[in-house]
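To convert, take the position in the sequence shown, counting from 1, and add 11; that gives the working numbering.
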Amino acid sequence: MRNKAIIESLMCLLKYYKAVSDKVNKDSLHYLIGQTIRQYDIPKDNRHISQAAQQLWDKLTTGNISDYHYRNLVTCDKLTEPVSLCVFSGAEKNGKPKEFKKGDKFIFRELFHEDHVIPVSLILKKLAFNTPVNYSDIENVLNKMHLCVVLKKEDKKLGRTAGRTLSFEETIDNVYKKNNIILNV
12 MRNKAIIESL MCLLKYYKAV SDKVNKDSLH YLIGQTIRQY DIPKDNRHIS
62 QAAQQLWDKL TTGNISDYHY RNLVTCDKLT EPVSLCVFSG AEKNGKPKEF
112 KKGDKFIFRE LFHEDHVIPV SLILKKLAFN TPVNYSDIEN VLNKMHLCVV
162 LKKEDKKLGR TAGRTLSFEE TIDNVYKKNN IILNV
């Protein structure tokens, strides 16, 4: 139901985007379309986890990593001894060490990042320039999105768009594997 509303919203936004003259600044519209794309529930088969992220998660908590996102609070309910981890705040490049013990809590995004394997900017370009504005074509493009939970320190190695394409396999080979980030299968 939620994805239906998102696709219908995108249809309206994309029709307007394509109708507006190129002489008009489309930055705000671009931003709005991008944020709408980010709300789409990516199919379960297109959600991945790096091996390093899964290993750390399993060391810290009994919760299911798929149930946690961005600002969710995570409890370290599995630690048997204190552990020092590099915690990141926002987009800072270098995290700060912090010790965690059983019962401590952290915000998901302090240690983990949900990476759009195929950047939203490429999905937006595909929708805005190469896709007819109809429900099924938009849904087909959106269903090709992939999300991967990686460690925040892994994310710093990935870069935003260099080497990434609309092909999941190419992006994994050109970006993830080249940075020694291995996905669980």
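From the three backbone atoms N, C-alpha and C, an ideal C-beta is built for every residue, glycine too.
Quickly, what does DSSP pair residue i with across the bridge? List them, please.
i       : result
Ile-17  : DSSP, once it has assigned bridges, lists no residue as partnering Ile-17.
Cys-97  : Pro-108
Phe-117 : Val-85
Val-160 : Ile-60 and Glu-125
By the three-class DSSP mapping on this structure, what secondary structure does residue i have?
i       : result
Glu-125 : strand
Val-152 : helix
Val-186 : helix
Val-35  : coil
Val-131 : helix
Leu-194 : strand
Leu-138 : helix
Leu-24  : helix
Ala-173 : coil
Ser-178 : coil
Ala-102 : coil
Glu-92  : coil
CB residue i to CB residue j, shorter than 8 Å?
i       : j       : result
Ile-60  : Ile-48  : no
Arg-161 : Asp-184 : Checking the sequence, you will find Val at residue 161 rather than Arg. No, the pair does not count as a contact, with Cβ atoms beyond the cut-off.
Lys-112 : Pro-93  : yes
His-157 : Ile-129 : yes
Val-98  : Phe-117 : yes
Ile-18  : Tyr-146 : yes
Thr-73  : Ser-132 : no
His-80  : Phe-140 : no
Glu-138 : Leu-122 : Correcting the residue identity first, residue 138 is Leu in this sequence and not Glu. Result no, Cβ atoms of Leu-138 and Leu-122 do not sit closer than 8 Å.
Ile-44  : Leu-67  : no
Tyr-28  : Lys-34  : no
Ala-63  : Glu-165 : yes
Lys-109 : Lys-167 : no
Tell me, to the nearest whole angstrom, how far the beta carbon of residue i is from that of residue j; I am working on the premise that it is less than 8 Å.
i       : j       : result
Met-22  : Ile-149 : 6 Å
Asp-115 : Cys-87  : 5 Å
Leu-90  : Leu-71  : 6 Å
Asn-191 : Gln-65  : That belief does not hold up - the Cβ atoms of Asn-191 and Gln-65 are roughly 15 Å apart, past 8 Å.
His-177 : Lys-163 : In the sequence as presented, His is not what sits at residue 177; that position holds Leu. The Cβ separation is near 26 Å, so there is no contact.
Leu-169 : Val-186 : 6 Å
Review point. Which runs of the alpha helix (DSSP H) spanning at least 4 residues fall entirely within the segment 37-84, listed in chain order?
Key: For the segment 37-84, the continuous alpha helix (DSSP H) assignments of 4+ residues that do not extend past its boundaries occur at 38-49 and 62-71, in sequence order.
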